[in-house]
Structure formats: C-alpha cells, structure tokens
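Residues 1 to 991 in UniProt numbering are what the sequence shown spells out, letter by letter.
The C-beta atom is built at its ideal place from N, Cα and C for all residues, glycine as well.
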Amino acid sequence: MSSGSHLSKELLDLVKSIGESRSKQEEDKIITAEAQILKQKFLERNIGEKKLRELLIRAIYVEMLGHDASFAHIHAVNLTQSKNLLVKKIGYLACSLFIDENSELLILMICTIQRDLQSKNHLEVLSALTVIGKLCNQHILMAVNDAVQKLLTHAHEMIRKKAVMVLFKMYQTQPNIFDQVDLKMKKALCDKDPSVMSATLNYFCEQVKQRPGDFKDLVNSFVVILKQVVEHRLPRDYDYHRLPAPWIQIKILEILSYLGADDKSTSEQMYEIINQVLKRADDSGINIGYALVYQCLKCITMIYPSQSLIDAATTTISRFLSSESHNLKYIGITGLSYIVKIDPKYTLNYQGLVVDCLEDADDTLKIKTLDLLFKMTNKQNVEAIVEKLLSYLKEAPIESSVRKDLVIKINSLCEDFAPSKNWYVRTMNKLYEMGGDLITSDLSNKFISSISEYEKESEGEKFRDSTITIYLKILKKNTIIPDSMLQVIAWIMGEYGSTLPNQKKMIKILNYLSDAAYRPLEDEITRGYILTAITKLHATMGFIENPKVDMVMYDYLYSKHCDVQQRAIEYKALKENSTRVSKDILTKIPLNEGQIASQGFDFELSFLDSFVRQQVTNGRKEYDARKRQTFGDMGGLDIMPTGFPKGEKGLNYKPYDAPGMSRVNTELPQSNPLFQTQQVVNPNENIQLQGVNKKVWGQQPPQVQQNATTTPHYESANNLKLATSTLDNLNNEQQTANTTQQKAQPKTQPAQEVKLKKAQGLFAGIGATSKVEDNSSDEDKKKKKKKKDRKDKEKEEEKEQTEVQSNTTTTTQASQNNNLIDLLDFDSPPISTQQQISGNLLDTGIAQQQQPVATTTNLLDDLFGGGSMQSSNAMNSAGHTFQPMPINTQQFGELWMQFPVDRKANMNIPLIQNVQVYTNQIKRLDFHVVEIINNEVISAGSSRLNGSQNLIHCRVNPGGNLEFTIKSQHAETADQLLNSLVPQAMSQNLF
C-alpha cells in the first residue's frame, strides 16, 4: 500500500481537514477557502504536469462537495493531451466528472479522443472509450462512430468489451445512424472471451423487449451459453459464492422470458435448462441463489406454460412462504403473484400461508400480499379483498407512497367486479372518506359515468332518489369534504336534483350548494362544478327568487379564476334571457351515442357560417387551419414554414404553470358565511381482517459428486362521516339482526377457525374446491369429521326435498307454457309477493331478502361468504334441467347484447381436445349448438325451472383449456351453470 509520500502537504492537509470537520458549515468554510487558493494557483505560469495533476485532484474535491470549480475545467481538457499516461488518465477522469454531454468544451476534446482511439497503447484506448461512454453526444458520436466499430475486432479483449458497451450507449443516443448493429452484436455474442459475451447481453435484453421476433434465431445460442455457465465452463473468476456467473445467468433468463412469451416451439427449447438452473440455484441456500430462483420464477410465468416447470416453481414458492425469513416470504408472495396470471387455482394450496403474510407486521410483505389478492380477485371474493385493501388504506401513514396505488386498485376492483349497485356506491364512499385527497379527476369521472349507467337500468328511479338522499346528507353534515367527492356531489345534485317532485327539497339543495360554494377548496375547478350544478337546478325551477343563489353568483362574477367567473357570467346571461331560452338548452350528461344521434348536435358549428362570412367581408383575417396543424404540437415556438409572413407567430398551446393554491381561498368575500368545524370521525372498521456438447470456454469441468413496530394509525385528513353512517341508518333492521347473532355467538374463536374463515372469503370462486392447511389436533379432527358427516346427511335430505319440488314446478310450467319459447320476451321472471319489498334500493337488507337467507352461525360467515352459499348452489342445481333454444346466429347475437348477467371462467379438462368433443358434451346439458366457428362454439338453452334463457360461448384451446362466457337473464342460473352444471356435463363419461 502506498504511503502517500508522493502527495504534497497541501493535498494531505485538505483531505485531513475535510475528514475532521464537525459540521457542514465548517466543511463549506474549508472548501470555499480552498477554491480561492486554487483559482490563484491555476493563474500561475509554467505549471508542471505533476503539480497540475494534483491541483485537479483538489478541484475534484471542491466539485464533489457541492462547490463551483468551473475555473479548472479547461485545465482538465488540456491534461487529456498529455503524453504521460497517468496525467492523461487524470485529465479524462476530471473531464468525466466536471462536464456533461452538453458542455461546449467537448468540441476541444474530439481530436484528442480520435487520436487516442487509434493508439497502440491499449490503456490510452480504454481511457478514450471510457470518456465517450460518459460524455457521448451527437458531435462526438459522428466523429468517433467508425473508430469505435473497428475496435469490436481489436486483439485485446478489454478493448472489445469496452467497445461493445460504448456502441450500445451510442446506439441508445442516436439509433438511426447505425447500420447492422444486430449483426455486429451477434458476432460479439460469439466472442471467445466471456467478458465480451456478457457485455452484449444488455443490448439484447433491451432489444428483445421491443422486437422479440428478430432474435428468435438466437434462442439456441442463449440456451447453449446458459448451459455452459451452469456447468462451470467459465473461469472461476466469474463465480460468486460458488455460484457460476449468477448475473450472467439472470440476464440470459430475462432475455429468454421475452423470447418465449406466447411461443410454444421456442419455449420448448428452454424448458430443460430453466429447470436445471432452478434446481441448482434453489440448492445453493445463499442470497444470490435466491435472486436467481426469483428470476427463474419470472421466466417460467412469462414463457409458454409448462406443467412440470410450474409444479417445480410452486414447490419452491411453498418453501419460501414457510420460511421464517421475511425476505424469502416476500420472494414467495411475489412468485405466487406471477403464477396467478397463469391460473389462480395454484394459490389454493397456500391459503393459510397467504393469510399469515397478510397479517404479518412487516408492511412490505403485507403490501405485496395485497397485490397478490388484487390479481386473483373475482366476483365471489371481491368484497372480502376490497375490505382488506380499505383496512390497510385506513391504517397506512398519510405520507406513505403506497396509498395512491391502493386507491387505484380499489377503484379498479369496484368497477370490474361490483356485485351490486349498493355495494359499489357504499365502497366508493368509503374510498372517498379514506383517500379522497388521492382520487384524480379521471377516477371521479369514471364513478360519475357508472352512476349514470346504473340510473338507466331497471329500478333506476329508486337508485337515483336514494343516491340524492345519501349525498345530500353528506353535503349537509360535513363541512370538510375532499374536492373529488364534492365534484361528484355537485354533478349528482345538478343532474338528478331537478327530478324531485317536491320543490321544497329542490330549494334545500340549492341552499346547501350555495353554502358549499364558499367553502375553502384545493382546486377552483370544484367551485366551477358547484356553480354549474346551481345553474342547472335553478334553470329547471324557472329561476325563482333565491337570495343565496343571487349572492353566490354576484360574488363570483368577479372571481380571479377564469373558469369560475365564466360560469357565473353564463348563469347571469341565462337568467336574464330565461324567457327566450329553450328549456332544453341544459342537456343531461354524459351523453351516449343514441342521444347524440337523436338530438342532432351540430359539431361543425354551421350556424356561425353567416357570421364568419360577414366578418371576413368587413376585413377580418380568415382562419388558417394549416397554421394550427403545423404548430399545434410545437408549444408556440417562433418557427414559421416558408410562405408565412415574417413576424407572425403560431399560437402558444403550452399552458402556463399553475400558481400555488393555498388550502384557504383568499378571494372569499368578507360578507360570506363561515362554517363551523366538524368533529373528527374515525373511519368505520368492518373487518379485521440439446444436451449441449459444444465447448466454448475453458476446459471440461471435473465431475462433482424482530419485534415489529406498530404503524401509526391513519386519520383521514378530510374527517368525513360519509355514506357509511347514512347506510347504517338505512340498514337498521339488518344491523339489529346481526347484533342478535353476535350475542348468540361465543366471544372468541380458535385462531385456526378464524384463519380458515378469512381464507374462505379471500379465495372464494377460485377452483372447484378450496384446500386449506389444517394443523388441528387429532381430537379436533374427529369432532370436525362427525360434524361434517351430520351436515352431509342433512344436505342429502334437503336435496331429496328440492328434487321433488323442482319436478313439481317443472311439470306445472310445462303444462302452462306447452314448451313454447318466445325469443322476443327477454323480461326477467315476475317477482313474487315475498320479494316485492318496499324500501331504499341501496338498503343491503333488500338484496339479501330477495334470496334464500342461510342461517349465519358466525360473523365471519356473513363477512366472507362461507360454505352456506356453496351448499345452497349445490342444492338448487339438483334437478335444474334445460331445454334447447332453436335460434340462429343473428338471434344469438341480439340476445347476447340484451342479457344483463355475465359470467366468465377458465376450466382445464385435458380430455376435451377439440370442438367436436366439447359439442357432444354440451348437448348432454340439452343446449342447442347454434354454430361452430374454428375453435369457438356458441350454444343456447332455457331453464325448465325458472324459464330463464342462457347463452354459452366457449373457446376450446389446446390441452383442454376451455374459456367460458355465459350470458343469462338470471344470476343464480348463470352461477349454477358455471360452478356445477357445465363442469359436470364436461366431465360426464370422460373420466
């Protein structure tokens, strides 16, 4: 080790003083004084190279510690021209640290770099290549392009490696000026030196993501390389903890995962080597081995699926999930989330382990588990999973970066899998309560659109009235509401408030909106929403006298915000011309295509043609569309094409930077009312919830026989008491019943039963059966077995009774209908007297009373949807028969668009290999096969039990993978078809 005797005392003192400084201020004082000394030193004449080299090192210290040393930059450029190799390298180092690719000083270095690239000293060549990699811009690239490509065939392996890396960097900077880069990289991939080969992997990994088809011919080459790496053909220098070149293996696996995606023939070439890599890495027992296992799991789930590889991956995942290490559990959950993309049923064997991870104190592991649940959500388990996501959103710290991601996921699940309108609105209200500050305008617009669609469906009037009631209470009882929710409330009141028959209620809505217009808001656009709602509602009332509305509109006529001011001015114009303006001028939104076609909107604004012609005649300049087409995306740059007069500029379409908006609106008039503060209300907590023989490198290898810290509770910044409390009032009867059930239950449950119940709710609808690990004692198992036998006996008796009832019903319907099918009658069956229950559509009790209610013996049964539903489905499906619907393809398509119930699922039945076998099996269900189109079959049948009509579309994929989509008039019939009847028909006489 060098003693540092070759360094001057000034440099040693500088390093020592920096190390001994006790504060940033003291350090800044030292560096400022050093910068002044260096300025004087660099002004001296005839400075020797050795002294100049040391001064540059001191200047590097100044720059590294955040101070300006631009006075030394030119001296660094000068040092690159030195004939002394050590001085030259210091100059190149200083240049790469001091200047960037946009510096004008780079022009002074081009000749030096070109000369060094042609040097016979490989160290000078390496120094020049290094600085090109750091400071590559368009000027240097054009000057050194040819020289760098020639170095790809240099005799020294380090230069070839560095040339590959620089060429990749240059290609990323200007890809259009290079020819045959793929060919050059393919040749470098076959280089005899492993370091050159490994340098090309970054290029191929980048390119196969964009155009995998161009590199399919390299699959065998990558497999051969990977096999030789695994077999220790590379020098031992590449080993890391006895694992051969793990980073090369990881990079090749990443490349193979993109090449094998959706390509069976290509994937089959890599199955063997991936399995080999997975086994060897899994046996290593070290961190880098686990990283390699993780990459193997990603590769297995991205390429065309192989059952043997998936089984091996699930075995590895099981060990990771059972580990005590949180890092390994994290890898296991991540791997499971990848496998879920192939088929969610692979998660069934790990339900208990997933629940354990979900309740772990480690936030990182918990977040990853929630991501897994998000990916495996379906209509059966959406309620339990969304409750878990909401529970974590409530507990997450307000500064947590994961909260925004949770809001997006919850909104997505609500849109895709909402079981009912009631649940959707209630859940979105909870989301606004807990994360209203993170909800964007796009999410709010989607919510508004969904409400609009629900209002057009059956019982839309009840839904509309109850929605107005809920949000009016929210507006009345809460003085602090997030802007996103206030926009939704304003839209609902403006759109549906005019439909209320009682004018007194409409006046109340106007008054509440007028008060809300003075609230402090984060975004003035929200105030514009409120003014528009007031305008629409007041216009439908004929602009009757209302002092509050008049005061609001007068105050905001002079608003500093243009959008708010414009809406107030529009209100004033409408009110002053109310006798001349048509009542239909305010159109309901959002519009569908039918409304646009029927109302004949003039999107060309042809009614302005006469006005335009008159203005042009008066000497006004005609609008030139070419100018906007040319400069629409140029952000108002002053660049005009040939033919335009000089001095004219295109419009500046780039918006101004938004001014900082404070929480409190400073422009509120002093005379306007202020509002009382609202007590903090904590959110409601509902759930705890080929053989390769070729040798390339080296000789043939010999044959080798914590205490978790509690996350601070998150209190919503908005402190809302939203629809949760409102719906609680609407659902009084149901809550009373649930309270009675809870009192009848024991206060505590065994931990194992709680885990099973949670898993049952979270994994509902995944696979035919749910297997959960049970670690109970022998005595407990015997008791459970006796209990199960008793329940099975009761189920058999219930089935017999159901069969008798269903046969009686079938006979009665057959005599009444004479087996006739009216294809034009698509109405749902009439509601029985017991089902005609008056009440609010958003009352969850109504939806539950319309279905057979199973006795709930445990609160978690009610929350997670336990086995009672499954037994009910199985009982109802007994005796459920169908008769063919003799319709054609056109009628099938018309009915497909009309039927409201939609169910989808994938089934794996290996013996159904083609559409002929599937057609024979679906006929056993008495479904009429309408048409066979390639590997797709459409069929139709009507239920003899309830008269509902049902359509089935099935795509028969290779390997017995069946993709079902069922459309029906009746939700229970569709569920029975999907969960029991169709699988039974597919398996009949096959196994």
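Beta-carbon contacts of residue i that lie in its chain and below 6 Å, excluding the five residues immediately before and after
i           : result
residue 201 : 251
residue 496 : 464 and 468
residue 579 : none
residue 991 : Because the pLDDT at residue 991 is just 37, under 50, the model does not fix this residue reliably, and the point stays unresolved.
residue 128 : 113, 116 and 117
Nonlocal neighbours in the same chain, by C-beta distance under 7 Å from residue i, ignoring five residues either side
i           : result
residue 183 : none
residue 447 : 428 and 488
residue 288 : 240, 241, 243 and 246
residue 216 : 259 and 266
residue 156 : 122
residue 528 : 563, 564 and 567
residue 31  : 62, 65 and 67
residue 561 : 524
Which residues DSSP lists as bridging residue i, in chain order
i           : result
residue 968 : 901 and 950
residue 244 : 239
residue 944 : Answer is none; residue 944 lacks a bridge partner.
residue 156 : Answer by DSSP bridge pairing: none, since residue 156 is not bridged.
residue 962 : 907 and 956
residue 928 : 940
residue 42  : In DSSP, residue 42 forms no bridge with anything.
residue 933 : 936
residue 884 : 941
Nearest candidate by alpha-carbon position, reference residue i, set the options
i           : options               : result
residue 58  : 47, 22 and 12         : 12
residue 534 : 570, 559 and 191      : 570
residue 568 : 576, 557, 562 and 328 : 557
residue 9   : 44, 54 and 155        : 54
residue 317 : 297, 304, 305 and 325 : 297
residue 450 : 473, 973, 422 and 17  : 422
residue 404 : 939, 940, 443 and 976 : 443
residue 524 : 565, 510 and 509      : 565
residue 954 : 193, 610, 64 and 937  : 937
residue 167 : 193, 190 and 199      : 199
residue 408 : 432, 36, 950 and 140  : 432
residue 213 : 27, 262, 402 and 393  : 262
residue 301 : 917, 274 and 49       : 274
residue 174 : 136, 364, 220 and 541 : 136
residue 37  : 25, 26, 14 and 211    : 14
residue 327 : 234, 979 and 368      : 368
residue 541 : 131, 508 and 520      : 508
residue 93  : 108, 132, 426 and 104 : 132
Beta carbon proximity, residue i to chain D, threshold 8 Å
i           : result
residue 276 : Of the protein chains in this structure there is only one, and it is not chain D.
Proximal residues to residue i (C-beta, below 8 Å), its chain only, five neighbours per side dropped
i           : result
residue 114 : 143, 144 and 147
residue 19  : none
residue 171 : 178, 181 and 203
residue 549 : 510, 514, 534 and 538
residue 34  : 14, 58, 61 and 62
Residue i: CB within 7 Å of a non-hydrogen atom of the ligand MN
i           : result
residue 195 : What this structure holds is no ligand at all, so the ligand MN is not there to describe.
Exercise. Count the C-beta pairs between the region 327-338 and the region 371-380 that are closer than 8 Å, then say yes if the count reaches three, no if not.
Key: yes
Quiz prompt | Stretch pair the region 893-911 + the region 924-932: three plus CB contacts closer than 8 Å | solution = Contact between the region 893-911 and the region 924-932 is absent: fewer than 3 CB-CB pairs across the two stretches fall below 8 Å.
Practice problem: Kindly provide the ranges of any alpha helix (DSSP H) runs that are 4 or more residues long and lie completely inside the region 449-484, ordered along the chain. | Solution: 460-477
Quiz item: With contact counted as at least three CB pairs below 8 Å, one residue from each stretch, are the region 62-80 and the region 36-51 in contact?
Solution: yes
Quiz item: Is the number of C-beta pairs between the region 443-457 and the region 502-517 that are closer than 8 Å three or more?
Solution: no
Exercise. Evaluate contact between the region 124-142 and the region 95-115, counting only Cβ atoms and requiring at least three cross-stretch pairs below 8 Å.
Key: yes
Quiz prompt | Stretch pair the region 350-362 + the region 304-313: three plus CB contacts closer than 8 Å | solution = no
Practice problem: Would you mind listing the alpha helix (DSSP H) stretches within the region 108-162 that are 4+ residues and don't spill past its ends, in chain order? | Solution: 110-117, 122-134 and 138-150
Practice problem: Report yes or no: do the region 916-925 and the region 963-976 share at least 3 C-beta pairs separated by less than 8 Å? | Solution: no
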